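For the sequence shown, counting from 1, position 43 maps to 45 in this note's numbering; every step adds exactly one.
Structure record follows, encoded as structure tokens.
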Amino acid sequence: SSGINAEWPLRPGKDIFSVANVPIDWEERDIYPILHPDGKTTIPEDAVASIDKNKIGLKGPMRTAIGKGHVSMNLTIRRTFGLYANVRPAKSVPGVTTPYSDSGVNCVIVRENTEGEYSGIEHTVVPGVVQSVKLITREASQNVAEYAFKYAVDNGR
Numbered sequence: 003s004s005g006i007n008a009e010w011p012l013r014p015g016k017d018i019f020s021v022a023n024v025p026i027d028w029e030e031r032d033i034y035p036i037l038h039p040d041g042k043t044t045i046p047e048d049a050v051a052s053i054d055k056n057k058i059g060l061k062g063p064m065r066t067a068i069g070k071g072h073v074s075m076n077l078t079i080r081r082t083f084g085l086y087a088n089v090r091p092a093k094s095v096p097g098v099t100t101p102y103s104d105s106g107v108n109c110v111i112v113r114e115n116t117e118g119e120y121s122g123i124e125h126t127v128v129p130g131v132v133q134s135v136k137l138i139t140r141e142a143s144q145n146v147a148e149y150a151f152k153y154a155v156d157n158g159r
């Protein structure tokens with residue numbers, strides 16, 4: 003009920019492979035939240051198994067219902083597959099004038115993608131006021147720091 007046809011967001015990706023004559027046997031799975039008694043949210047096991055087997059997943063926009071007791075679907079997917087590093091390269095494009103054209107931007111930002119603002123720990127203090135806990139663990143910080151340094155070494159930065 004997000005107002006988006008479930009097939010539409012994936013169609014352009016599928017069309018690109020088809021036009022390029024890349025034969026793909028699409029293995030489609032529905033992903034939805036499963037809220038467990040302990041409060042943890044997971045996704046269907048067949049979807050996890052498919053992505054584990056194929057080592058890839060193509061997903062469109064996902065909407066998380068507010069007030070249903072589970073964390074966002076994007077966060078659930080990140081946690082399920084250990085996608086903790088958000089890697090964002092930024093580079094000036096020759097011929098495109100920006101306020102930073104003279105300095106020539108060429109950097110990569112790596113940030114932790116499952117904790118901090120993404121912790122999903124919130125509660126209502128009083129009606130109209132929600133408090134969010136920004137949880138950051140040593141383990142997650144260590145993981146993303148190691149990833150960032152390895153990325154830098156592997157990419158000559």
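No residue lacks a Cβ here, since even glycine has one placed at the ideal position from N, Cα and C.
Keep in mind it's a predicted model, so treat the numbers as computed, not measured.
- Item | Own chain partners of I138 with C-beta closer than 7 Å, once the 5 adjacent residues on each side are dropped | Only E117, G118 meet the Cβ criterion.
- Please confirm if the region 29-45 is in contact with the region 72-86, defined as three or more CB-CB distances below 8 Å between the two stretches. yes
- Message: Relative to the C-alpha of V110, which candidate in K55, A142, R90, T99 has its C-alpha closest?
- Response: R90
- Query: For A154, does the count of other Cβ atoms within 10 angstroms reach 16, so buried, or fall short, so exposed?
  - Reply: In the assembly as shown, A154 is an exposed residue. Its beta-carbon has fewer than 16 other beta-carbons within 10 Å.
- Beta carbon of Y86, beta carbon of V146: below 8 Å? yes
- Query: Between which two residues does the alpha helix (DSSP H) containing L77 stretch?
  - Reply: 75-83
- Item | Contacting residues, own chain, Cβ-Cβ under 8 Å from A150 (five flanking each side not counted) | A87, V112
- Item | Distance CB(N115)-CB(R80) smaller than 8 Å | yes
- Please name the residue in K136, I123, A142 whose C-alpha comes closest to that of G41. I123
- Task: Would you list, in sequence order, the uninterrupted alpha helix (DSSP H) runs of no fewer than 4 residues that lie entirely inside the region 22-66?
- Result: 47-56
- Message: Just to confirm the assignment: which complete beta strand (DSSP E) runs, minimum length 3, are found wholly within the region 87-158?
- Response: 87-93, 108-114, 118-128, 131-137
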